[in-house]
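All remarks here apply to the structure that follows.
There are 2 protein chains.
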Amino acid sequence: MAEPKELLYPEKWLLKASTGDRVTCELRMRIISGMIESGTILSENKLAADFAVSRSPVREALKVMASENIIRLERMGAVVIGLTEKEIEEIYDVRLLIETFVFERLVRMDVSELVRELSKILEMMKVATRYEDADEFSFQDVLFHETIIRAINHSHILMIWNNLKPVMESLILLSMRARFKEKYEDFDRIIKNHELYIEAIKAKDRDLMIESLHQNFDDVQGKVEDLWMSQQILSKGVEQND
Amino acid sequence: MAEPKELLYPEKWLLKASTGDRVTCELRMRIISGMIESGTILSENKLAADFAVSRSPVREALKVMASENIIRLERMGAVVIGLTEKEIEEIYDVRLLIETFVFERLVRMDVSELVRELSKILEMMKVATRYEDADEFSFQDVLFHETIIRAINHSHILMIWNNLKPVMESLILLSMRARFKEKYEDFDRIIKNHELYIEAIKAKDRDLMIESLHQNFDDVQGKVEDLWMSQQILSKGVEQND
DNA sequence: ATAAGTATACTTGTATACAAGTATTATAAC
DNA sequence: GTTATAATACTTGTATACAAGTATACTTAT
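Protein chains in written order, with the working numbering: chain A, 1 to 242; chain B, 243 to 484.
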């Protein structure tokens with residue numbers, strides 16, 4: 001899978017991944033970052049040529065991204081939807097919905113083990129911050145929320161998360177990378193906020209949890225526009241150029 | 243796609259469908275009905291042979307069903323998860339979650355058009371009942387809930403629904419077919435309950451909505467066990483017989 | 001110049017071929 | 001009989017080939 005430009009998705013996360021996964025992750029990043037603009041029509045053949053792979057993994061990628069609602073499969077070609085502001089708000093709705101649900105379950109459980117696990121992840125995030133490793137930080141951030149969701153052992157809620165996760169991951173990845181360069185001081189706040197979240201779980205305090213969840217969202221959301229602007233400038237229809 | 247046994251999934255719903263969709267729908271029905279027992283290991287090659295198609299559409303089907311959480315893709319072979327009682331409850335959780343969310347949006351909208359649409363669907367359901375058309379009834383039942391969800395125009399909530407829908411559809415289909423034979427009187431209650439749901443939307447009455455939603459679930463849930471028992475007897479590992 | 005029809009270059013969906021890897025089974029050594 | 005090794009029959013993932021259908025562009029007729 002020779003690439004014309006450098007990859008947006010961390011290669012170290014794809015060590016054991018199939019070609020299909022690689023294409024999926026990379027394409028997703030290009031779409032969410034705005035490198036491939038909304039409205040672009042993707043062709044299986046062209047993508048296969050661009051990535052120097054066959055149509056099989058590309059088809060797979062398109063199917064996955066269609067289920068994630070970032071592209072729309074049509075009769076001829078896949079239309080890029082991307083992430084509009086409305087989409088981001090919708091993702092937030094869903095996260096709020098499922099994490100609230102999860103919290104309701106957590107208050108009826110023993111959360112000591114979970115809290116311990118979350119504390120560990122938080123420590124990792126702190127280290128990642130010190131070493132300015134945006135990708136590692138993002139990984140731990142996503143893991144943080146996934147760990148909470150997994151704790152209630154609800155396969156269908158996990159299913160929703162699994163569908164949401166890749167887009168969230170890409171979004172966080174892009175957001176964090178941008179901020180390590182520009183707004184390093186943000187990370188103190190993010191860490192603090194996660195501490196608050198752990199505290200809410202430990203104390204089983206609903207309001208605190210909702211508050212930190214909102215803040216957590218504002219953290220990502222606030223930067224998304226900036227991110228897009230910078231990305232849009234960097235790349236004006238780089239791929240799919242006829 | 244020559245079939246050894248008659249198909250569980252309504253053929254008239256697959257008129258314009260691809261081979262991949264056909265395989266997906268049929269396999270899903272066989273799994274949910276219990277015809278393919280939980281724990282069975284599915285092989286792409288074997289399935290392709292059984293359905294007399296190539297591996298391509300089978301692979302597609304397995305990917306889809308894995309995202310629906312009714313099978314689990316492993317290194318070698320796909321393990322059938324099926325629907326345990328826990329799974330059904332989980333699906334209920336999710337439905338309650340999203341339909342409650344939807345309702346919160348609806349109370350802030352003009353629902354006259356939606357109510358009109360729902361009334362139409364309800365009339366269709368009544369006709370289907372009179373003519374004892376379980377499949378048509380199921381179709382309208384699913385459409386009823388989808389119509390409500392679509393009304394709020396929330397692509398990510400719709401995304402969750404789209405992931406849930408096929409399993410719901412299969413479940414309802416099997417449940418309704420069983421009841422048309424055994425418990426015809428149930429349908430009056432189901433219709434009444436849907437009327438209640440419409441009423442709740444019209445009156446924007448949260449409690450009434452939750453109540454009818456719960457009843458609606460109990461309607462399906464109550465019958466699932468019976469359904470399984472009858473199905474299990476009918477079919478003891480019909481497919482995948484080495 | 002315009003309209004209709006045909007040719008061509010795309011598109012997707014399915015089948016098949018191939019490669020790399022993993023269980024299983026059989027065989028051989030002890 | 002048990003263990004280790006080798007052969008075989010699977011598995012998935014990817015590439016390629018092919019068929020059917022659709023949009024575009026060109027040609028031809030009016």
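The beta carbon of each residue, even a glycine, is placed where N, CA and C say it ideally should be.
CB of residue i within 9 Å of CB of residue j, strictly
i	j	result
B:Ser-280	B:Ile-323	yes
A:Glu-211	A:Leu-196	yes
B:Ile-414	B:Glu-341	no
A:Val-102	A:Ile-198	no
A:Leu-106	A:His-214	no
B:Ile-333	B:Met-410	yes
A:Met-243	B:Ser-309	No answer is possible for residue 243 of chain A: the residues shown for chain A start at 1 and end at 242.
B:Lys-305	A:Lys-16	no
A:Arg-179	A:Phe-187	yes
B:Tyr-251	B:Ser-412	yes
Straight-line Cα distance separating residue j from residue i
i	j	result
B:Lys-328	A:Glu-44	40 Å
B:Glu-302	A:Asn-69	18 Å
A:Val-127	A:Ala-134	11 Å
A:Glu-266	B:Arg-448	This structure cannot settle anything about residue 266 of chain A, because the visible part of chain A is limited to 1 through 242.
A:Leu-7	A:Lys-183	23 Å
A:Glu-132	B:His-387	48 Å
A:Ile-36	B:His-398	21 Å
A:Leu-14	B:Ala-445	52 Å
B:Arg-264	A:Glu-89	35 Å
A:Ser-56	B:Ala-320	20 Å
A:Met-124	B:Arg-314	31 Å
B:Val-353	B:Ile-443	7 Å
A:Gly-237	B:Met-271	Reliability of the predicted coordinates at A:Gly-237 is poor, the pLDDT of 37 falling under 50, and the value obtained from them is presented with this limitation in mind. So the two alpha carbons sit approximately 44 Å from each other.
B:Arg-372	B:Ile-363	14 Å
B:Leu-416	B:Lys-423	11 Å
A:Asn-153	A:Asn-163	17 Å
A:Thr-24	B:Glu-253	33 Å
A:Arg-108	A:Gln-140	26 Å
B:Ser-472	B:Lys-407	With a pLDDT of 47 at B:Ser-472, under the threshold of 50, the predicted position of this residue should be treated as unreliable, and no value is reported.
B:Ala-335	A:Ala-49	The amino acid at residue 335 of chain B is misidentified as Ala; the sequence shows Asp. Whole-angstrom Cα-Cα distance: 44 Å.
B:Glu-378	A:Asn-216	46 Å
A:Ile-31	B:Val-295	34 Å
B:Ala-393	B:Met-318	42 Å
A:Asp-218	A:Val-58	34 Å
B:Lys-434	A:Glu-113	47 Å
B:Thr-240	A:Thr-84	Limits of chain B in this structure are 243 at one end and 484 at the other, which puts residue 240 of chain B out of reach.
Closest by C-alpha distance to residue i, when choosing among the options
i	options	result
A:Glu-117	A:His-194, A:Ala-48, A:Leu-47, A:Glu-6	A:His-194
B:Glu-268	B:Val-384, B:Leu-289, B:Ile-283	B:Leu-289
A:Phe-51	A:Leu-122, A:His-214, A:Thr-19	A:Thr-19
A:Glu-74	A:Asp-218, A:Pro-166, A:Ile-41	A:Ile-41
A:Ser-138	A:Ala-200, A:Ile-190, A:Ser-112	A:Ile-190
A:Val-142	A:Lys-16, A:Ile-152, A:Ala-178, A:Trp-161	A:Trp-161
Any non-hydrogen atom of the ligand PLP within 8 Å of residue i CB
i	result
B:Leu-339	Among the components of this structure there are no ligands whatsoever, and the ligand PLP is therefore not found.
Contact set between the region 87-103 of chain A and chain B, restricted to residues whose Cβ is under 8 Å from the partner: Taking a C-beta cut-off of 8 Å against chain B, the contacting residues of the region 87-103 of chain A are Glu-87, Glu-90, Ile-91, Asp-93, Val-94, Leu-97, Ile-98, Phe-101, listed in chain order.
Residues, ordered as in the chain, of the region 61-77 of chain A that lie near chain B by beta-carbon distance below 9 Å: Within the region 61-77 of chain A, the qualifying residues are Lys-63, Val-64, Ser-67, Glu-68, Asn-69.
Cβ-based contacts, 9 Å cut-off: residues of the region 391-423 of chain B near chain A: Taking a C-beta cut-off of 9 Å against chain A, the contacting residues of the region 391-423 of chain B are His-396, Ser-397, His-398, Ile-399, Leu-400, Met-401, Ile-402, Asn-404, Asn-405, Leu-406, listed in chain order.
Start-end ranges of the beta strand (DSSP E) lying completely within the region 259-339 of chain B, minimum 3 residues: As summarised for the region 259-339 of chain B, the continuous beta strand (DSSP E) elements at least 3 residues long and confined to that stretch are 313-315, 320-322, given in chain order.
Continuous alpha helix (DSSP H) assignments of at least 4 residues falling wholly in the region 389-458 of chain B: Complete alpha helix (DSSP H) runs here, min 4: 397-424, 428-445.
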